[in-house]
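First the structure, in the form of structure tokens, and then the observations on it.
There are 2 protein chains.
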Amino acid sequence: MKIKMSDVAKAAGVSLATVGRVLHNNGYVSEAKRKEIEQIIKETGYIPNKIAQGLKKSRSKIIGHLTLFNNNMQFKEISSAINMAASNSGYHVLTMTSHYGMGDEEQQLNDLIGHRVDGIIITSYHSISMELIGRLIEQNIPVVMIERTYEIPMVDRIVVNDHAISLNAVRHIVHKGHRRIAFIGAALEHQVETDRFTGYIDALNEAGIVPHEEWVNVMSEYSVEEGRKAIGILLNAKQPPTAIFMTSDIYACGVMQILYERGLRVPDDLSLIGYDNTLSALLSPPITSVGLPFKEIGEHALDLLIRRMNDNSALSRTIRIDPFLMDRHTVRNWHSE
Amino acid sequence: MKIKMSDVAKAAGVSLATVGRVLHNNGYVSEAKRKEIEQIIKETGYIPNKIAQGLKKSRSKIIGHLTLFNNNMQFKEISSAINMAASNSGYHVLTMTSHYGMGDEEQQLNDLIGHRVDGIIITSYHSISMELIGRLIEQNIPVVMIERTYEIPMVDRIVVNDHAISLNAVRHIVHKGHRRIAFIGAALEHQVETDRFTGYIDALNEAGIVPHEEWVNVMSEYSVEEGRKAIGILLNAKQPPTAIFMTSDIYACGVMQILYERGLRVPDDLSLIGYDNTLSALLSPPITSVGLPFKEIGEHALDLLIRRMNDNSALSRTIRIDPFLMDRHTVRNWHSE
DNA sequence: TGTTAATATGTTAACGATAACATATTAGAG
DNA sequence: CTCTAATATGTTATCGTTAACATATTAACA
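Pasting the structure below:
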């Protein structure tokens, strides 16, 4: 039912090799036969079987992407950027979404190995053991990690400068005169979160502000609900903050709901900065948020992967990505009383 | 570098067939050898090569999903539901995202055929020609279409009852006493949109309301910007509406921004119902929206696909999905003056 | 103690494409 | 008009796994 090379060869009265030469545009083929074979390929709609090619050439033209399931849109954006970049390079992506703390990553990596993916991109994984990564390296599978700060031999990485932009974002708040600045983040034991948090802390220190414990809210997950919970706590604090820096736009959604319910306005009553710049543009008002160049991240990830496929050197490359502050003026000037 | 069956066989001092019997748990194998082989498989971390299996068995264990790139979160949710369902059935998904009107679907389907996917799920496609679908059928590739209302032989489908729920949603508005009810939708020539629109029209007719042309806004795409544009037009109408029914939550985001800017409240000054129930819960206030059972849709799609793999009958099955109204009380009672 | 049935294991031809290695045929140089 | 090189085409082993088809050994029953 499905046309194969031998069908084309038979129809053209030539051997497999000649069809192959036409297909790959190499070797000698007479103009007449080339034309005829091309014609037959078109008529029959022959499409090369990538599975057979994969077996012969040990290249599946599929890459794996291991990512995290949660409400932080950042992960979905990165995923779609990778898909985009891959298809521009003739690859396709098998995306595996694992759930934090469920330990399903091992099975998913095994599935990817089973499918003999040509490489694996791992977004934001803390909980993948070195042993697991080691297994990939042993099998000569190129690995690129996104948002992994420490170096692993033979593993390339894309490091997002979360610390620097967080520092700048909070500095931005400080420069507007705020002194009571809160933080809302997630309790992932992950570099993404720790860098954002230390950026916040460093900006406060720099300004001679002693970080107040009741301003720091580390929530159990990314969700609107947790955002609501956090702002509830903050508004009831002895010293309520005048500005909040959040590590995900999803928190901002919850925060703004409570503000809305209480009739408080942004930034008049409270200044806000979100993170990932995905939902922030949808809110009323749209809020200032840290933007990540997703497209660039996806392209670099793919580029690193392909480079490593061709040259599996011991040194590991690092691409540093600088986020930007998408200013939507939701940090007001604050004149300290 | 990568362990294969023959390595396991050699290590165990047996033939390929015996290893195969252990792997597939069939045929006779002595208890001692079985134990030994299992041990070796574990030690060496042997993972069967799905590419070779695929070639031999003509089953790749990969399914394709063709979907649409836009801001309507509905498509992303369906996509992730399909991924979920697939992985529960031992399949993996190659997702192809095409851009409306770009005509890239043909290439993407060809890519999926090239990878010899075991089936294809097509979400929300108007612009795929019957000829293209026919090519898939000819090649014996099971196809399931989501949100395709007309029947195609050998193609199963999942039909979301957009018309009925839209009718109900607008009835809900009518029952609250509203007479001036606006519509915001997208100009996709697609069933999803036409059903939602006719549901709106039918509810108005039913209530003896003559649909006012200036209440109907058909926008060029799903976006916040188009939502803002639409509400701008509606607020300036001679007869501004008292309620709006929108075919996507993304429009609600834009609408609410303008309301916020003008100091108008929901539902006090304007009643709203969104669609897809993705962003509606994030807004301030969270708004009533038509909810789709994404998980169910994904599971049914996969179920249909797998059934057709096993029994390629001529009749095409149809699963009807009923959306629900997620009431968040953003339609107020309206007492006509 | 044969004879059959059950148990245990091995051999090999596919699956579809590729590419290394033939083998022709023709053309141009000397 | 040879002879080599360029041109044109064909044959076949291989990738890793499967499963149909051997073949061997043991057990059980008459």
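Line order of the protein sequences matches chains D and E.
Following the numbering used here from start to finish, the first sequence increments by one per residue and tops out at 344.
Following the numbering used here from start to finish, the second sequence increments by one per residue and tops out at 344.
Virtual Cβ for every residue (Gly too), placed ideally from N, Cα, C.
Buried or exposed by the 16-neighbour rule on C-beta atoms within 10 Å, applied to residue i
i: Met8(E); result: exposed
i: Val217(D); result: exposed
i: Pro274(D); result: buried
i: Thr102(E); result: buried
i: Met109(D); result: exposed
i: Lys49(E); result: exposed
i: Gly215(D); result: exposed
i: Tyr35(D); result: exposed
i: Met137(D); result: exposed
i: Ser96(E); result: exposed
i: Glu220(E); result: exposed
Cutoff 7 Å; reference residue i; Cβ partners in own chain excluding five residues on either side
i: Gly184(E); result: Asn340, Trp341, His342 and Ser343
i: Glu113(E); result: Leu139
i: Pro160(E); result: Ala321 and Ser323
i: Tyr229(D); result: Asn77, Asn78, Asn79, Ala193, Ser255 and Ile257
i: Glu45(E); result: Val29
i: His99(E); result: Lys68, Ile69 and Ala93
i: Lys57(E); result: Lys68
i: Gly305(D); result: Ile85, Ala88, Ile89, Met91 and Ala92
i: Asn168(E); result: Arg327, Ile328, Asp329 and Pro330
i: Arg41(D); result: Val29
Beta-carbon neighbours of residue i, restricted to chain E and to distances below 7 Å
i: Ile120(D); result: Ile54
i: Ser67(D); result: Ile58
Own chain partners of residue i with C-beta closer than 6 Å, once the 5 adjacent residues on each side are dropped
i: Thr249(E); result: His185, Arg187 and Trp341
i: Phe331(E); result: Gly298
i: Arg155(D); result: Arg164
i: Met333(E); result: Asn284, Ser296 and Gly298
i: Arg123(D); result: Ser67
i: Val223(D); result: Phe190
C-beta atoms of residue i and residue j nearer than 8 Å
i: Leu311(D); j: Arg324(D); result: yes
i: Gly71(E); j: Leu139(E); result: no
i: Ala308(D); j: Ile89(D); result: yes
i: Leu289(E); j: Val262(D); result: no
i: Val15(E); j: Thr51(E); result: yes
i: Arg335(E); j: Ser287(E); result: yes
i: Leu143(E); j: Ser105(E); result: no
i: Ile265(D); j: Ile238(D); result: yes
i: Gln115(E); j: Leu73(E); result: yes
i: His182(D); j: Ser131(D); result: no
i: Phe252(D); j: Ile208(D); result: no
i: Gly210(E); j: Val177(E); result: Just to set this straight, residue 210(E) is Ala in the shown sequence, not Gly. The answer is yes: Cβ separation under 8 Å.
i: Gly121(D); j: Pro149(E); result: no
Chain E residues whose Cβ lies nearer than 8 Å to that of residue i
i: Tyr267(D); result: Ser291 and Pro292
i: Asn147(D); result: Met8 and Lys9
i: Asn117(D); result: Ile54
Contact set between residue i and chain D, taken where Cβ atoms lie within less than 9 Å
i: Asn90(E); result: Thr102, Met103 and Thr104
i: Gln264(E); result: Leu289, Leu290, Ser291, Pro292 and Pro293
i: Lys83(E); result: Lys83 and Ser87
Closer than 7 Å: residue i CB and nearest the ligand FAD heavy atom
i: Glu158(E); result: Annotation note on the ligand FAD: not contained in the displayed structure, which lists no ligands.
Listed by chain order, chain D residues near residue i by CB distance under 8 Å
i: Ala288(E); result: Val231
i: Arg186(E); result: None at all; the shortest Cβ gap to chain D is about 27 Å.
i: Arg235(E); result: In chain order: nothing, as chain D lies at least about 11 Å away.
Contact set for residue i: own chain, Cβ-Cβ below 8 Å, skip 5 residues either direction
i: Asp283(D); result: Asn79, Met80, Gln81, Glu84, Ser255, Asp256, Ser296, Val297, Gly298 and Leu299
i: Val345(D); result: Residue 345(D) lies beyond the range of chain D shown here (8 to 344); nothing can be said about it.
i: Asn147(E); result: Asn319
i: Glu43(E); result: Ala19
i: Asp276(D); result: Leu266
i: Leu23(E); result: Met12, Ser13 and Ala16
Amino acids of chain D, ordered along the chain, whose beta-carbon sits closer than 7 Å to that of residue i
i: Gly61(E); result: Ile58
i: His307(E); result: Residues of chain D passing the Cβ test: none, with the nearest at roughly 20 Å.
i: Arg335(E); result: Here the premise fails: no neighbours, minimum Cβ distance about 11 Å.
Cross-chain neighbours of residue i in chain E, by beta carbon under 9 Å
i: Arg142(D); result: Gly52
i: His182(D); result: In chain order: nothing, as chain E lies at least about 26 Å away.
i: Arg339(D); result: Going along chain E, no residue has its Cβ under 9 Å from Arg339(D), so there is no contact; the nearest lies around 16 Å.
Q: May I ask you to verify whether the region 295–308 of chain D touches the region 167–186 of chain D, counting CB pairs closer than 8 Å and requiring at least 3?
A: Yes, the region 295–308 of chain D touches the region 167–186 of chain D.
Q: Examine the Cβ distances between the region 251–259 of chain D and the region 190–201 of chain D and report whether three or more of them are shorter than 8 Å.
A: Yes: the two stretches touch, three or more of their Cβ pairs being nearer than 8 Å.
Q: Pair every Cβ in the region 201–211 of chain D with every Cβ in the region 25–37 of chain E, then say whether three or more of these pairs are closer than 8 Å.
A: Pairwise C-beta distances place the region 201–211 of chain D out of contact with the region 25–37 of chain E, as fewer than three of them are shorter than 8 Å.
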